[in-house]
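For what it's worth, the numbering used here labels the leading residue of the first sequence as 1155, then goes sequentially. Worksheet for the structure shown next.
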Amino acid sequence: MGGAAGLHLRFLFGPPSGGLRFQGIQSPVHLHQGSPLRSLRHAESKRIMSTVAADDPRVAEDHDELYRVRHSLAHVLAQAVLEMRPGSTLGFGPPISDGFYYDFILTEALTEEDFPELEKRMKHIIKQGQKFEREELPREEAMRRLDEMQEPYKREYAEELFEKKGIERLTFYRNGPFLDMCEGPHVEQTRALPKGAFRLRSIAGAYWRGNSDNAMMTRIYAWAFLTKEELEAHVKAYKQALERDHKKLGRELDFFVIDDAIGKGLPLWLPNGTVIRDEIEKLMKELEFADGYQRVATPHLAKTELYHQTGHLPYYAEGMYPFMELKDHGGAEGDEVRETYVLKPMNCPHHHRIFASRLRSYRDLPIRLAEYGQVYRYEDSGALSGLLRVRGMCMNDAHIYCTEDQIKDEFLKVMTMHEDLYRILGLRDYYLRFSTWDPDDPKGKNKYVDNPAAWESTQKHVYEAMVESGIPFTEGKGEAAFYGPKIDVQFKTVTGREETASTNQLDFAVPARLGLVYRDADNSETHPYCIHRAPAGTHERFVAFLIEHFGGAFPTWLAPVQVRVLAVSDVFLDYADALVARLRKNFVRAEVDRSGETVGKMIRNATTHKIPNIVVVGEREKRDGTVTLRRYGSRDQVALRLDEFEEDLLRRIRERSLDRVDWDH
RNA sequence: GCCCACGUAGCUCAGUCGGUAGAGCACUUGCAUGGUAAGCAAGCGGUCAGCAGUUCGAAUCUGCUCGUGGGCUCCA
């Protein structure tokens, strides 16, 4: 997987600028909430949805009250900050999904310890009942005003608005002593702002306009709602969500560790976490087998030269681990470098070489090569986060080589596979984004392969496949990979951060660049199209999503330990052992608790480890040939005959049943 | 990479004014043989992330390094 250009390789983990790493974003469209995917197949949504999300605060209800409150509070915060740090300059201060933020260049640092005083000052400002007064100025006056205000960043943006967006007049808002260039709207006056319904949340660095070439500003985030109750409910929900954090659960439930002795961003999968990975891989292999994929296996290394041929180097070198230089003799100083190798940051070049390993006929196509290949990317250290953003990862990868006529059907099958995978796992809170070419993009030919005809045709095929799939999607114009359109699947983490789970790209350029051909019906040599696809993204990130989705309480088929058997006394351990042996013959991950603790304690331990099936055996069970079953999340105990217990258990595993409902959220 | 915060036992955390380290859980052992979320007791466990400095004396103060977390256009 991955793309054929450095920039786009990184798209599985978000664009290089980090533009997708929003804090607290709501999914633009909660497309799949509350309804099974299947029912969406024929939904009325067979059209491209609006590019701007429905609950995006910028457009919601044409700037509703909440938007005005948040926007106005941002001004109040800025006023308070300027009181405490006179002479500081302003950046942006927009409403966001759960509050607002404001960016500053501060004359002297503020920390979260200053929050109480800032909040106090904000409340004081609110009490003053300052009126928000709107003023529109034509270009020259506006620019003069900004010069007087000594706000260089606002000024820079104003220039851009006049130049590029072609606006005529610039809007300013004044409340009390505070003046800001701002399009509004705002509340009438500060007393209209609900007291006690906002809370300063955190302080963070943020580059001006998100570009690391620009100045580093100080960003203050705040939560804000219309009522105190809403704020408190939000904060409470946020804290509860932190309990599901995959990093926390990963430690508590022994899923993975990241050990500095190995290296940052290089997770070690513990036995429990490996089970989940393996189960996802098994599932994917089944789905792929059904769709005619063939499995391949390729090494972690390749000669650097290969990446020169694909066009990744030297452009993408920064995203890769440093090259390994093989020298003559013992590699002593001064020995000539014979060849260099790289740790692969993607699998596609290897798969392309497999395609090239023999002469291909049009009759062979489509060829679908699948591999869960381990890749390594040298991500910025500050970007690393648990399993969500790592430097060593396993791609849920496959490359489909096909003719133009096959694109639509193949893409449709790929999207259907996504649907199947997510439905099986009960994942609903995601949306799809169709990223297209922007022929008018000023960066033009540097950003996209210069082949308008290919763009038009491939986008049409992908679009038609999406429409036919019936899966709703949004469009991101100008966000395509440089070699073709793509469909990304966006998920939200428990803390509200949005991440790309899967990226699926249509590549009409790189196979040609590598000289891949097949013999066509007319005996000519033709370049294949290539679809890069990864329904489960990387196994690291995907398992992280699943941990958070299930809150660590996995359904039986996914659970690291599927059944734990407790004997009420050591006397009945033989019965417990026999039961476990019987289950393990059927590949059930069952084990006996031999801790010798009290039953209450063993129940507690199994429960805190979120084991889905707890079986208690004692005299009654041994005598009657039964078990007493207690399912995770339930206090009920059910007595079952051994064979009916086993049959039900095996069925749930076989059917990949989501056998619990209380984690529905 | 950059900004901010944080780093004490395997985990979660306490540690006052700078005076040489503590709890609960986990683990080990012993007792208890217990019927659905913690039986009782003892023990083991720390280079207070690392290095350097200030000091008679540093977990505590300062600097650097390493690591972790949050954030780095939701664009006036």
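Note that beta-carbon positions come from the ideal geometry of N, C-alpha and C, so glycine has one too. Small disclaimer: the values here were computed from a predicted structure and weren't measured.
inquiry  = So within the segment 1564 to 1642, which uninterrupted alpha helix (DSSP H) runs reach at least 4 residues, ignoring any that extend past its ends?
reply    = 1598 to 1601, 1606 to 1623
inquiry  = Can you check which of these residues, PHE1588, PRO1593, TYR1555, is closest to ALA1607 by C-alpha distance?
reply    = Position 453 of the first sequence, counted from the first residue, corresponds to residue 1607. Of the candidates PHE1588, PRO1593, TYR1555, the one whose C-alpha sits nearest the C-alpha of ALA1607 is PRO1593.
inquiry  = Considering only heavy atoms of the ligand NAD, does any lie closer than 8 Å to the CB of SER1251?
reply    = The ligand NAD is not part of the structure shown, which contains no ligands of any sort.
inquiry  = Counting C-beta neighbours from all protein chains within 10 Å, is the total for PHE1443 16 or more, i.e. buried, or is it exposed?
reply    = Locating residue 1443 in the first sequence gives position 289, counting from the first residue. Burial call: exposed.
Buried versus exposed call for GLY1188 [16 or more other C-beta atoms within 10 Å across all chains shown] = The count along the first sequence starts at 1 and reaches residue 1188 at position 34. Confidence at GLY1188 is low in this model, with a pLDDT of 28, below 50, so its placement is unreliable and the value that follows should be read with caution. With fewer than 16 other Cβ atoms within 10 Å, it is exposed.
ask   = Roughly how many whole angstroms lie between the Cα atoms of PHE1409 and ALA1228?
value = Taking the first residue of the first sequence as 1, we reach residue 1409 at position 255. Taking the first residue of the first sequence as 1, we reach residue 1228 at position 74. In a straight line, the C-alpha of PHE1409 is about 41 Å away from that of ALA1228.
Three-pair Cβ contact test at 8 Å for the segment 1711 to 1727 versus the segment 1679 to 1690 = no
message = Using the three-state DSSP reduction, which class does VAL1830 fall into: helix, strand or coil?
response = Summary: the structure shown does not reach residue 1830, with the chain confined to residues 1155 through 1819, and so no result is reported for it.
Buried/exposed call for LEU1422, threshold 16 Cβ in 10 Å = For the purposes of this step, residue 1422 is taken as the residue at position 268 of the first sequence. LEU1422 should be labelled exposed.
ask   = Can you name the residues that DSSP bridges to SER1356?
value = Working through the first sequence from its first residue, we reach residue 1356 at position 202. Partner(s): TYR1375.
task = Taking the CB atoms as reference points, tell me whether THR1570 and SER1515 lie closer together than 9 Å.
result = Reading the first sequence from its first residue, position 416 is the one you call residue 1570. Reading the first sequence from its first residue, position 361 is the one you call residue 1515. Not closer than 9 Å, so no.
query = From the DSSP output, which residues share a beta bridge with GLU1370?
reply = By 1-based counting over the first sequence, the position of residue 1370 is 216. Correcting the residue identity first, residue 1370 is Met in this sequence and not Glu. BP columns for MET1370 point to TYR1361.
message = Using the three-state DSSP reduction, which class does CYS1502 fall into: helix, strand or coil?
response = The count along the first sequence starts at 1 and reaches residue 1502 at position 348. Here CYS1502 sits in helix by DSSP.
query = If you run the structure through DSSP and keep just helix, strand and coil, what is ASP1210?
reply = For the purposes of this step, residue 1210 is taken as the residue at position 56 of the first sequence. At ASP1210, the pLDDT of 40 sits below 50, so the modelled position is not reliable and the matter cannot be decided from this model.
query = What distance in whole Å lies between the Cβ atoms of TYR1526 and ASP1551, which are believed to be in contact at a cut-off of 8 Å?
reply = As a position in the first sequence, residue 1551 is number 397, starting the count at 1. As a position in the first sequence, residue 1526 is number 372, starting the count at 1. About 7 Å separates the two Cβ atoms, so the contact holds.
request  = Have a look at PRO1476 and GLY1669 and give me their C-alpha separation to the nearest angstrom.
outcome  = Translated into the one-based positions of the first sequence, residue 1476 becomes position 322. Translated into the one-based positions of the first sequence, residue 1669 becomes position 515. Distance between the alpha carbons of PRO1476 and GLY1669: 27 Å.
request  = Report the rounded CA-to-CA distance for ARG1587 versus ASP1252, giving the unit in angstroms.
outcome  = Reading the first sequence from its first residue, position 433 is the one you call residue 1587. Reading the first sequence from its first residue, position 98 is the one you call residue 1252. Taking the straight line from one Cα to the other gives about 23 Å.
message = Please state whether the Cβ-Cβ distance between PRO1503 and THR1458 is less than 9 Å.
response = What you label residue 1503 is simply residue 349 of the first sequence in a count that begins at 1. What you label residue 1458 is simply residue 304 of the first sequence in a count that begins at 1. The answer is no: Cβ separation not under 9 Å.
ask   = Where does GLU1267 sit, in a helix, a strand or coil, going by DSSP?
value = Taking the first sequence and counting its residues from 1, one reaches residue 1267 at position 113. Correct three-state label for GLU1267: helix.
Distance between PRO1714 and ASP1661 (C-alpha atoms, nearest Å) = One-based indexing of the first sequence puts residue 1661 at position 507. One-based indexing of the first sequence puts residue 1714 at position 560. When rounded, the distance between both Cα atoms is 38 Å.
Nearest-angstrom Cα separation, counted from ARG1743 out to ASP1432 = Sequence index remark: in the first sequence, residue 1432 carries index 278 (1-based). Sequence index remark: in the first sequence, residue 1743 carries index 589 (1-based). Taking the straight line from one Cα to the other gives about 13 Å.
request  = Tell me, please, whether the segment 1333 to 1346 touches the segment 1358 to 1376 by the rule of three or more beta-carbon pairs shorter than 8 Å.
outcome  = no
query = If you drop the 5 nearest sequence neighbours on each side, which residues of the same chain put their C-beta closer than 6 Å to that of LYS1319?
reply = By one-based count along the first sequence, residue 1319 stands at place 165. Once the five neighbours on either side are set aside, LYS1319 has no close Cβ partner at all.
ask   = Under 9 Å between the Cβ atoms of ARG1323 and LEU1291?
value = Position 169 of the first sequence, counted from the start, is the residue given in the question as residue 1323. Position 137 of the first sequence, counted from the start, is the residue given in the question as residue 1291. Yes, they are a contact pair.
query = Excluding sequence positions up to five away, which residues of its chain have a Cβ less than 8 Å from the Cβ of ALA1456?
reply = As a position in the first sequence, residue 1456 is number 302, starting the count at 1. Taken in chain order, the residues that qualify are TYR1495, VAL1496, LYS1498, PRO1503, HIS1504.
message = MET1547 and ARG1381 - do their beta-carbons sit closer together than 9 Å?
response = Taking the first residue of the first sequence as position 1, residue 1381 is located at position 227. Taking the first residue of the first sequence as position 1, residue 1547 is located at position 393. Note on identity: in this sequence residue 1381 is Thr, with Arg being the wrong assignment. Contact flag unset, no.
query = How long is the line joining the alpha carbons of VAL1671 and ALA1690, rounded to whole angstroms?
reply = Here residue 1671 corresponds to residue number 517 of the first sequence, with the count starting at 1. Here residue 1690 corresponds to residue number 536 of the first sequence, with the count starting at 1. Roughly 29 Å between the two C-alpha positions.
message = At the level of alpha carbons, what is the spacing between ARG1398 and VAL1648?
response = As a working mapping, residue 1398 is identified with position 244 in the first sequence. As a working mapping, residue 1648 is identified with position 494 in the first sequence. Those two C-alpha atoms are separated by around 7 Å.
message = Just verifying my parser: in three-state terms, what is the DSSP assignment at GLU1114?
response = Lying before the first or after the last residue shown, residue 1114 is absent from the chain, which here runs from 1155 to 1819.
request  = Taking the CB atoms as reference points, tell me whether PHE1822 and ALA1376 lie closer together than 9 Å.
outcome  = The structure shown does not extend to residue 1822, since the chain spans only 1155 to 1819, so no value can be given for it.
inquiry  = Just verifying my parser: in three-state terms, what is the DSSP assignment at SER1811?
reply    = For the purposes of this step, residue 1811 is identified with residue 657 of the first sequence, where counting begins at 1. The answer is coil: DSSP assigns SER1811 none of H, G, I, E or B.
ask   = Is the beta carbon of LEU1403 sitting closer than 9 Å to the one on GLY1705?
value = Along the first sequence, read from residue 1 onward, the residue named residue 1403 stands at position 249. Along the first sequence, read from residue 1 onward, the residue named residue 1705 stands at position 551. Result yes, Cβ atoms of LEU1403 and GLY1705 sit closer than 9 Å.
key: Three-state secondary structure assigned by DSSP to GLU1801   = Counting from one through the first sequence, the residue named residue 1801 turns up at place 647. Reduced to three states, the DSSP call for GLU1801 is helix.
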